[in-house]
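Right, one structure below, let's go through it.
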Amino acid sequence: MTISLDNADMKIMVIDDSSTIRRSAEIFLGQAGYKVVLADDGFDALAKMNDHKPALIFCDILMPRLDGYQTCALIKKSAKFHSTPVIMLSSKDGLFDRARGAMVGSDAYLTKPFTKDSLLKTVREYTAEAVAK
Numbered sequence: 011m012t013i014s015l016d017n018a019d020m021k022i023m024v025i026d027d028s029s030t031i032r033r034s035a036e037i038f039l040g041q042a043g044y045k046v047v048l049a050d051d052g053f054d055a056l057a058k059m060n061d062h063k064p065a066l067i068f069c070d071i072l073m074p075r076l077d078g079y080q081t082c083a084l085i086k087k088s089a090k091f092h093s094t095p096v097i098m099l100s101s102k103d104g105l106f107d108r109a110r111g112a113m114v115g116s117d118a119y120l121t122k123p124f125t126k127d128s129l130l131k132t133v134r135e136y137t138a139e140a141v142a143k
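Sequential numbering from 11 applies to the sequence shown in this note's numbering.
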């Protein structure tokens with residue numbers, strides 16, 4: 011497997027209260043050469059963002075303390091991170107969930123359980139856009 015230098019320099023944050031989802035994402039992204047930052051919930055993520063400066067964020071919707079919609083809204087209101095792509099993660103694939111995600115500024119929506127291919131395709135799509143800007 012060839013790891014490009016670009017991937018190795020790119021940090022991706024995964025915010026999910028499920029250790030299984032966090033671990034799956036960490037394995038898939040790590041195998042593709044990305045650096046992965048994990049967070050248990052929105053508060054944990056917000057505390058880690060300044061130190062790690064992720065290029066892309068995957069955020070679960072249903073989490074304790076601070077849900078994904080609130081977390082995404084806070085990220086998008088931040089002057090420092092407002093342009094960082096936020097991909098919502100949910101086991102629900104409803105129109106309402108997608109619309110609510112869009113209303114708080116999410117860039118896309120990925121249904122759980124995700125596959126390695128769908129996760130990496132989303133990463134490539136949104137990191138390519140960030141590089142092009």
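Think of the CB as a built atom: it goes at the ideal place given N, C-alpha and C, for glycine as much as any other residue.
Predicted model, so just to flag it, every value in this text is computed and none were measured.
As summarised for the segment 54-117, the continuous alpha helix (DSSP H) elements at least 4 residues long and confined to that stretch are 78-87 and 105-113, given in chain order.
In its chain, beyond the 5 residues on either side, Thr-121 have a beta carbon closer than 7 Å to the beta carbon of Asp-103. In the displayed model, Tyr-44 falls within coil according to three-state DSSP, outside both helix and strand. According to the DSSP assignment, Met-23 belongs to the beta strand (DSSP E) that extends over 21-25. Asp-27 and Pro-74 have their alpha carbons spaced roughly 8 Å apart. Looking at the DSSP output, Ala-138 sits in no beta bridge, so it has no partner there. For the 8 Å CB-CB criterion, Ala-65 and Met-98 do not form a contact. Cβ-Cβ separation between Tyr-79 and Arg-110: approximately 6 Å, consistent with a contact (criterion under 8 Å). For Thr-125, the secondary structure class from DSSP, reduced to helix, strand or coil, is coil. A residue is called buried once 16 or more other Cβ atoms fall within 10 Å of its Cβ, and Phe-106, having fewer, is exposed. Within the same chain, Ile-97 come within 6 Å of Ala-118 by CB-CB distance, once the 5 residues on both sides are set aside.
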